[in-house]
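Q: Heads up, the sequence shown is in this note's numbering, so the first residue is 74 and it goes up one at a time.
Sending over a structure as structure tokens; questions will come in a sec.
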Amino acid sequence: MGLLWSILGYEDESQIDPVTGLSIREKKLIRSTKEPLMKNVCETGAAILHEFFVRHPSYQDFFPFKGVPLSGIKTNKKFLAHCNSVMYAISSWIDSLDDPELLIAMLKKLGSNHARHKLPQQSFWDLREVILDCIKPLFPEETRNAFKKFLDLAINESLSGDS
């Protein structure tokens, strides 16, 4: 029966990618987040990172916009540049879901870049919580759960240190 479904163009959405641990269904759900998240990339990124620094002000000290008051940070070009970098990184990870080796290489590079700046590992997990809270009104629970699993993969690989 599996061969028949395959010939007809159907796929088993529960099949798990051995590298990422994500199912075909989860990858589809994650891909569905890209357009809404990237529609107003600068605005979305600024909302996420602003909330991140509201909740965790000490992390701002690790960035080029250190000392910029949060009340005016959304107009700071260094802040906005970093917001765009974060959002385009997430977008490129989504684009690489079907090339897990490339995805893992990008994540490890992210981890080594942030390690050079001595950013605490906990900051990745704290940012994850902010992202999940920010996307809550945008996506149904199944999509948010897939995205959470995706962020867990991203963080675990980034922090694994095998760059």
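Don't be surprised by glycine CBs; every beta carbon is placed ideally from N, CA and C.
Taking C-alpha atoms, which residue in PRO213, CYS115, GLN88, THR148 lies nearest to ALA162?
A: Here the question's residue 162 lines up with position 89 in the sequence shown. Of the candidates PRO213, CYS115, GLN88, THR148, the one whose C-alpha sits nearest the C-alpha of ALA162 is CYS115.
Q: Unbroken beta strand (DSSP E) runs of length 3 or more, entirely within the region 120-196: which are they?
A: none
Q: Between which residues of its own chain and MET74 is the CB-CB distance below 6 Å, once the five residues before and five after are set aside?
A: Position 1 of the sequence shown, counting from 1, holds the residue named residue 74. Only weak support exists for where MET74 lies, its pLDDT of 49 falling under 50; the coordinates are left without a value.
Q: Throw me the rounded Cβ distance for the VAL127 and LEU143 pair, which I believe falls under 8 Å.
A: Here residue 127 is taken as the residue at index 54 of the sequence shown, counted from 1. Here residue 143 is taken as the residue at index 70 of the sequence shown, counted from 1. Indeed they touch by this definition, with Cβ atoms about 6 Å apart.
Q: Helix, strand or coil: which one does DSSP assign to MET111?
A: Locating residue 111 in the sequence shown gives position 38, where the first residue counts as 1. In this structure, MET111 counts as helix in the three-state DSSP scheme.
Q: What are the residues that DSSP puts in a beta bridge with ILE89?
A: Reading the sequence shown from its first residue, position 16 is the one you call residue 89. ILE89 pairs with SER96.
Q: Taking all protein chains shown into account, decide if LEU95 is buried (16 or more other Cβ within 10 angstroms of its Cβ) or exposed.
A: Working through the sequence shown from its first residue, we reach residue 95 at position 22. Classification of LEU95: buried, given that the 10 Å Cβ count is 16 or more.
Q: On the three-state DSSP scale, how would you describe ASP199?
A: Position 126 of the sequence shown, counted from the first residue, corresponds to residue 199. In the structure shown, ASP199 sits in a helix (DSSP, three-state: H, G or I).
Q: Enumerate in chain order the residues of its own chain whose CB-to-CB distance from GLU99 is below 7 Å, with the five nearest sequence positions on each side excluded.
A: As a first step, residue 99 must be located in the sequence shown, where it is residue number 26. Result list for GLU99: ALA219, LYS222, in chain order.
Q: Going by alpha carbons, who is nearest to PHE16 out of LEU153, LYS191, ILE228?
A: The structure shown does not extend to residue 16, since the chain spans only 74 to 236, so no value can be given for it.
Q: Beta-carbon within less than 7 Å of ALA120's beta-carbon, same chain only, minus the 5 sequence neighbours each way: which residues are those?
A: What you label residue 120 is simply residue 47 of the sequence shown in a count that begins at 1. Excluding positions up to five away in sequence, the list reads CYS207.
Q: Would you call GLU230 buried or exposed, if buried means 16 or more other Cβ atoms sit within 10 Å of its Cβ?
A: To locate residue 230, count along the sequence shown from 1; it is residue 157. It is buried - the Cβ of GLU230 has at least 16 other Cβ atoms within 10 Å.
Q: Quick one: Cα of ASP168 to Cα of VAL141, how far?
A: Taking the sequence shown and counting its residues from 1, one reaches residue 168 at position 95. Taking the sequence shown and counting its residues from 1, one reaches residue 141 at position 68. Distance between the alpha carbons of ASP168 and VAL141: 33 Å.
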